[in-house]
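If you want the working numbering, it's the position in the sequence shown, counting the first as 1, plus 339.
C-beta: ideal position from N, C-alpha, C; glycine also.
Computed from a prediction, not measured in an experiment: that's the story for all the values here.
Okay, so here's the structure we're looking at.
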Amino acid sequence: MKFLKSILLIAVFAAVVASGLSPDTPRAQTADTVVAQSDAGNAETTRRSDVDDLFRRAATALEGGSVSPRTLDQLRFQLVTVRDANSEIISRGSIRASALAAQLNSLGPPPAEGQEEADVIAARRKELTNELAIANAPVRRASEIHDEAVFFIREVDKQLRSRQLDKLFDRYPSPLAPSTWSTGFQEIGQFFRRFERDVQNELARPSVSKKLDETLPLALALTLFGILFLTVLQQPISRALKRYCEKPATGVKALLLALLYNASFIVLPTIGAAALIAVFPVLDIYPNSVRTAVIAIPVMALVVIIANWLGHTLFAPGQSRWRLLDLGDREAKIGLRLCQGLGVFVALEVAVEAFELDNAFGLSAISILSASPIAVAAVMLWALAGIIRYSDAAEREVPESEQTAEQAEEGSVKPQESGFLLFLSLLMKASAVLAVCVTLLGYVQLARVAILPVIMTVAQLGFGFMLYHLVLVIVKAALGKRDDEHVPILVAFSLICVLTMIFTPLIAMTWGARATDIIEAWILLTNGVQLGDIHLSLDSLIVLVTIFGIGVVVTRWLQNLLKGTVLPQTRMDSGAQNALVTGTGYVGLTLAVLIAVSTAGLNLSSLAVVAGALSVGIGFGLQTIVSNFVSGIILLIERPIKEGDWIEVSGQSGYVRKISVRSTRIETFDRHDVIVPNSDLIAGTVKNMTLTNKSGRLILPVGVAYGSDLEKVKSILFDAARAHNTIARYPTPQVLFMGLGDSSLNFELRCFLKDIGNVMTTKSDLYFTVYNELGKAGVEIPFPQRDLHIKDFDQLAEALERRQAGAPAQASQPAEDKPS
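Structure, rendered in structure tokens:
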């Protein structure tokens, strides 16, 4: 049974990960044994003849292609044993060889070509070289055996995968053919007759018939209790427990009540199912025609119970506060029924596969027994995909305050869908359609692969989703946070990483990966890979990420300490404080990277040549970015501008809000953010109105009409400047007569402001004051005047007079003399 095998393989994999041993690998030899073998020159765990015989048998099995998968698995186990034993020898090396290599290095480097060295040193070097070659012989031999074993293991895995793939395309009789149904019903009838005969034979066995008077009442009692408990007693117990758990509670008590109510969906059905399953060992009846199916009944019951529990956990109909998915009560009930139905389908598939192992049915019967459940399961899977999409849409519904005008007029908002949930729902629908199509064509095994892994994957993701929320609730309760508060992002991210590491191999095995594939991947992660002089492994990556994370946390803590406690007590301005905090962040992150790389043992010296070769190309391609980066460092050190300054650059004017290593953000007076590259601030012309102080000059141009009293105008302008509180007393404001304009006498009021940031409001106030005072003094503010000159005016006047003289003459003429 594939489903039953998958569960057993998952359990084996978990045990392997916990113990750190591979199921294909025997326990490693002790260090003393390996050293003794190495020193004795015997680096092989088996005799050479045995290894050669193993390799010959592997080659024969792979070339013939007729060996059973079970035999290939046994052969692979032996190859893995040889590989791991020789790998241990290679990793440990030879102590004698290491000592000889140290002696050889003490002699210094060998002489260059054309040079000679002392005869004593040359003889000693030759002697040590020969001894080193002899000492390294076992290691070289182990390396040869290891590489050959790895080759055969890969070939065995390739052939096993090929056979597994070929089995998927085994074609059964199509359910669309009428002959399939007639043949299938005949096979089913034969099965029932064979089953009846096997039951009679079991009852006729002396060990059963003699105890039947004692076991039959107990079996009937267990059956009656199981049926009554599942159909009648379970509901009142569940409702009473629900009422008890709904009592008002907070904190740890509320969490324990929720867990108690959730566990009831596993415990209560398990009691009834256990009573029914106990009937078979009590009666001791195992008909040969369904022996595997009877053994698989606990697995089938477990599948149905888990599906029911998972449905209640995720959807929780009638319990909105415990519902993990954002759904209404109607959708929650539908989701629960779909989970229960899919659980029943998986249990039926386990039964059908068990019948196949027992050879209970023929191909036609298997085809018609699989067609209807797969079709119903496909419909349920399609509906469940719609429920998941509905939940995602409800969680991401756009709030009314964020709706656009068009959306508000239409009365509906299109929700934003999560990419992962969208992919999952599309995968579920695609697998449902594919399973139905290939089943009708007769590819039953392919249909099972199309729909069963998807159902199991959805169940595993749902279980992981439940664990994620459970741990978050526990963390909130431990930290004393409310339900609407968020946990630290580092905790949530770490939890996601741990769940990903746990469920990734389980999902991979669900989709057809063998346990040996998972073990090989785990060994590859733990042992690592060699990339030149860099050795990458899981432990080195964990050390790298951990040390870097600690460095980031320490850097952020130091930045917050400087920003919130130390720097506010100094006389440094805000710009210098921000520059110091930013520089501390860059230095801290750089040190964190260097310490993490050195602690993880990564040798990056081999990358120096590559980095040097790429530096030229990178320099040309990223010269703008590098220029901005260097300019940003210069800005932070020299500080020609700082945050809060009013500057003008590249035609933009505004306040500096943030200086980063690549660009500077300026907020204009229109409240627009302008991003200016740092290179423009260093290489271009920048006008900083507040670099040394906030004082600045204001020039107010004023024009009056010709003939105005100039002394009065000067007095009005001067008094207006002296009366305004934002204008500095020193330097003294000045009124200058700038010249004679086309229509006005031009004056300028020049004064200095205490804060140049008030220039616009001060200028407006002065204009109000000056205009009012000039009006009161009778001084006219002119407007542009122009003189119009007309040429040949005399001729134009004569033409007008002639026209006026001719008009009365026409008016006195008789009517009949007028032209018609």
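Residue environment analysis places S521 among the exposed positions, since fewer than 16 neighbouring C-beta atoms fall within 10 angstroms of its C-beta. Taking a contact as a CB-CB distance under 8 Å, the pair L663 and M805 counts as one, their CB atoms being some 6 Å apart. From the listed residues A646, L863 and I1095, the smallest Cα separation to Q799 is found for A646. Excluding sequence positions up to five before and after T1007, its CB lies within less than 7 Å of the CB of Q991, S992, G993 and V1013, all in the same chain and listed in chain order. Secondary structure at Y1110: helix, using DSSP grouped into helix, strand and coil.
Between T554 and L622 the beta-carbon gap is near 5 Å, inside 8 Å, which marks them as a contact. The region 409 to 429 and the region 489 to 499 touch, with no fewer than 3 CB-CB distances between them shorter than 8 Å. DSSP places F1076 within a strand segment (E or B) once states are collapsed to three. Residue pairing for R387: DSSP places it in no beta bridge. Contact between R502 and P408 holds, with the beta-carbon distance rounding to 6 Å and staying under 8 Å. Using a 10 angstroms sphere on the CB of D697, the tally of other CB atoms reaches 16 or more, which defines it as buried. Where L818 is concerned, the enclosing alpha helix (DSSP H) starts and stops at V783 to L818. Looking at the backbone, the Cα of L401 and that of E483 are separated by about 20 Å.
In this structure, the alpha-carbon of T570 lies about 9 Å from that of G611. Of all alpha-carbon atoms in L572, N601 and A614, the one lying nearest the alpha-carbon of G565 is that of A614. Per DSSP, reduced to three states, the secondary structure at G1042 is strand. Beta-carbon to beta-carbon, L1037 and V1109 are separated by about 13 Å, too far to satisfy the 8 Å threshold.
Distance check between G1078 and each of F1086, T1024 and T1071 places F1086 closest, using alpha-carbon atoms only.
Selection I1120, A1060 and G528 evaluated against K1093 yields A1060 as nearest (Cα-Cα).
A residue is called buried once 16 or more other Cβ atoms fall within 10 Å of its Cβ, and W896, having fewer, is exposed. With a cutoff of 8 Å on beta-carbon distance, G927 and T894 are scored as near each other.
By a beta-carbon distance limit of 8 Å, F654 contacts L675. Their separation comes to about 5 Å. Here the region 712 to 726 makes no contact with the region 529 to 537; the two share fewer than three CB pairs at distances below 8 Å. Per DSSP, reduced to three states, the secondary structure at Y994 is strand. Here G657 carries a coil assignment [DSSP, helix/strand/coil]. Each residue's CA atom was taken as its position, placing D984 and M1028 some 7 Å apart. Between L677 and M639, the C-beta gap is not smaller than 8 Å, which leaves the two residues out of contact. When the five nearest sequence neighbours on each side are left out, the beta carbons in the same chain lying within less than 8 Å of the beta carbon of Q498 are those of L401, G404 and L411, in order along the chain.
Here the region 845 to 857 makes no contact with the region 811 to 818; the two share fewer than three CB pairs at distances below 8 Å. Collapsing the DSSP output to three states places T1007 in a strand. Per the coordinates, the alpha-carbon of P575 lies some 25 Å from the alpha-carbon of V618. Residue range D1012 to P1016 is occupied by the beta strand (DSSP E) that includes I1014.
The C-alpha of D496 lies about 54 Å from the C-alpha of Q454. Following the DSSP letters along the chain, one finds R464 inside the alpha helix (DSSP H) bounded by residues D458 to A474. Under the three-state reduction of DSSP, W985 is assigned to strand.
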